[in-house]
Amino acid sequence: MIERKLVQNLEVSSWERVEYTPDEDLKAVQAKIDADPENAELWMEKGLVLAGSALYREAGECYAHAISIDPFNGLLYRHRGHRFLSQWRFEDALADFTLASRLIPDNWDVWYHLGLSHFLLGQYEKAAKAYQRCLELTTTEDAMIAVCDWYYMTELRLGDRAAAEKLLDNIQPDFNPGDNTAYFRRLLMYKGLVKPEEVLPADLNALAPIELITMGFGLSNYYWYNGEQDKSNQVIDMILKAGDKNECYFAFGYLAAKVDKKNRAAANN
481 MIERKLVQNL
491 EVSSWERVEY
501 TPDEDLKAVQ
511 AKIDADPENA
521 ELWMEKGLVL
531 AGSALYREAG
541 ECYAHAISID
551 PFNGLLYRHR
561 GHRFLSQWRF
571 EDALADFTLA
581 SRLIPDNWDV
591 WYHLGLSHFL
601 LGQYEKAAKA
611 YQRCLELTTT
621 EDAMIAVCDW
631 YYMTELRLGD
641 RAAAEKLLDN
651 IQPDFNPGDN
661 TAYFRRLLMY
671 KGLVKPEEVL
681 PADLNALAPI
691 ELITMGFGLS
701 NYYWYNGEQD
711 KSNQVIDMIL
721 KAGDKNECYF
731 AFGYLAAKVD
741 KKNRAAANN
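Position one of the sequence shown corresponds to residue 481 (this note's numbering), numbered consecutively onward.
Below you can see the structure in the form of structure tokens.
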């Protein structure tokens, strides 16, 4: 039974959703590290503070130091992998999430991001396996929404529309999407409950950039696999423009749109 409760926004970890005052928080955690420099948890905390300020490379260095202290802590690899994704280091992210899946095999976030890493690398069969495990670990409605969305797109890219459609049976119109409203909107479109032209509002400025990018990527994928490639490419360009303008380089929809743009250009050459 899917619980009706809210979990984290899947674009950033729950730790990173805290409202930071970076200088004060950084000074505070550094003071704790100075007093206890071999504490891996404190180095992870520093990484999370830095990530909250979009200092992803610096955050990754903190996680790396934490790993040198506590190399069998799967959560450290999970967080560093996320930061590798933010830096477009997809292969490195894949390596970290793979390690994390061995160390903390029941961690939902690990399998979700492992699936994304495979997806971004075009390894769709492996992505499907990761999303299947993620689906098996899912206990909340908003988490179900997130995993089914990416799993659905993965099955389409594998050419298995029947499997993709079956995944939609997990989604009910009365679900509480929590922070995953954009993913939910995409899924309702896949189920035929929302028309594709209704996914985005007429006034795109009414959406936060991250919502525009997230909903837009699902729309682009939908158009592409329903034979409307020109519309798909137009949405891709819209996503990239919004991401560049608002510095949403970390957004999963932006990462995936960038990959699609590159792959489609290569296929036409």
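Ideal placement from N, C-alpha and C gives every residue a C-beta, glycine not left out.
Residue i versus the options, residue with shortest Cα-Cα distance
{"i": "residue 698", "options": "505, 578, 539 and 628", "result": "628"}
{"i": "residue 566", "options": "739, 730 and 734", "result": "730"}
{"i": "residue 575", "options": "586, 588 and 556", "result": "556"}
{"i": "residue 532", "options": "706, 563 and 519", "result": "563"}
{"i": "residue 568", "options": "712, 540, 587 and 588", "result": "540"}
{"i": "residue 686", "options": "722, 587 and 642", "result": "722"}
{"i": "residue 700", "options": "725, 688 and 740", "result": "740"}
{"i": "residue 618", "options": "534, 592, 725 and 665", "result": "592"}
Other residues of its chain near residue i: CB distance less than 6 Å, five sequence neighbours each side excluded
{"i": "residue 505", "result": "529"}
{"i": "residue 671", "result": "648"}
{"i": "residue 640", "result": "none"}
{"i": "residue 736", "result": "697"}
{"i": "residue 490", "result": "Model confidence at residue 490 stands at a pLDDT of 40, short of 50, so the residue's coordinates are unreliable; what they give is reported in the following sentence. Once the five neighbours on either side are set aside, the close Cβ partners of residue 490 are 626."}
{"i": "residue 492", "result": "Because residue 492 sits at a pLDDT of 39, beneath the cut-off of 50, its placement in the model cannot be relied upon, and the point is left open."}
{"i": "residue 580", "result": "554, 557, 558 and 590"}
{"i": "residue 750", "result": "The structure shown does not extend to residue 750, since the chain is modelled only from 481 through 749, so no value can be given for it."}
{"i": "residue 660", "result": "622, 625 and 626"}
{"i": "residue 608", "result": "634"}
{"i": "residue 547", "result": "556"}
Distance, residue j Cα to residue i Cα
{"i": "residue 573", "j": "residue 549", "result": "20 Å"}
{"i": "residue 709", "j": "residue 742", "result": "15 Å"}
{"i": "residue 524", "j": "residue 677", "result": "43 Å"}
{"i": "residue 727", "j": "residue 690", "result": "10 Å"}
{"i": "residue 663", "j": "residue 615", "result": "15 Å"}
{"i": "residue 673", "j": "residue 681", "result": "16 Å"}
{"i": "residue 543", "j": "residue 578", "result": "16 Å"}
{"i": "residue 683", "j": "residue 748", "result": "32 Å"}
{"i": "residue 651", "j": "residue 632", "result": "11 Å"}
{"i": "residue 560", "j": "residue 746", "result": "30 Å"}
{"i": "residue 715", "j": "residue 517", "result": "48 Å"}
{"i": "residue 637", "j": "residue 604", "result": "7 Å"}
{"i": "residue 679", "j": "residue 706", "result": "16 Å"}
{"i": "residue 602", "j": "residue 507", "result": "41 Å"}
{"i": "residue 688", "j": "residue 738", "result": "19 Å"}
{"i": "residue 653", "j": "residue 515", "result": "52 Å"}
{"i": "residue 537", "j": "residue 571", "result": "15 Å"}
{"i": "residue 713", "j": "residue 744", "result": "9 Å"}
{"i": "residue 545", "j": "residue 520", "result": "8 Å"}
{"i": "residue 717", "j": "residue 513", "result": "44 Å"}
{"i": "residue 645", "j": "residue 534", "result": "37 Å"}
{"i": "residue 642", "j": "residue 585", "result": "28 Å"}
{"i": "residue 667", "j": "residue 724", "result": "26 Å"}
{"i": "residue 503", "j": "residue 511", "result": "12 Å"}
Sequence-distant residues of the same chain with beta carbon closer than 7 Å to residue i, five excluded per side
{"i": "residue 606", "result": "598"}
{"i": "residue 630", "result": "595, 596, 599 and 611"}
{"i": "residue 733", "result": "693, 694, 696, 697 and 719"}
{"i": "residue 509", "result": "522, 525, 526 and 529"}
{"i": "residue 588", "result": "614, 617, 618 and 623"}
{"i": "residue 665", "result": "674, 679 and 695"}
Residues near residue i in its chain [Cβ-Cβ closer than 8 Å; skip 5 each side]
{"i": "residue 675", "result": "669"}
{"i": "residue 552", "result": "583"}
{"i": "residue 496", "result": "Low confidence applies to residue 496: its pLDDT is 40, below 50, so where it sits in the model is not reliable enough to give any reading."}
Residue i: CB within 8 Å of a non-hydrogen atom of the ligand MN
{"i": "residue 721", "result": "By its list of ligands, the structure shown contains no ligand whatsoever, and the ligand MN lies outside what it can speak to."}
Residue i at chain B interface by Cβ criterion, 9 Å
{"i": "residue 573", "result": "Protein chain content of the structure displayed is limited to a single chain, and chain B is not contained in it."}
- Task: Any chance you could list the alpha helix (DSSP H) runs of at least 4 consecutive residues sitting entirely within the region 595-633, in chain order?
- Result: For the region 595-633, whole alpha helix (DSSP H) runs of length 4 or above, ordered along the chain, are 604-616.
- Which parts of the region 666-725 are runs of the alpha helix (DSSP H), unbroken and 4 residues or longer, counting only runs that do not cross its ends? You should have 689-705.
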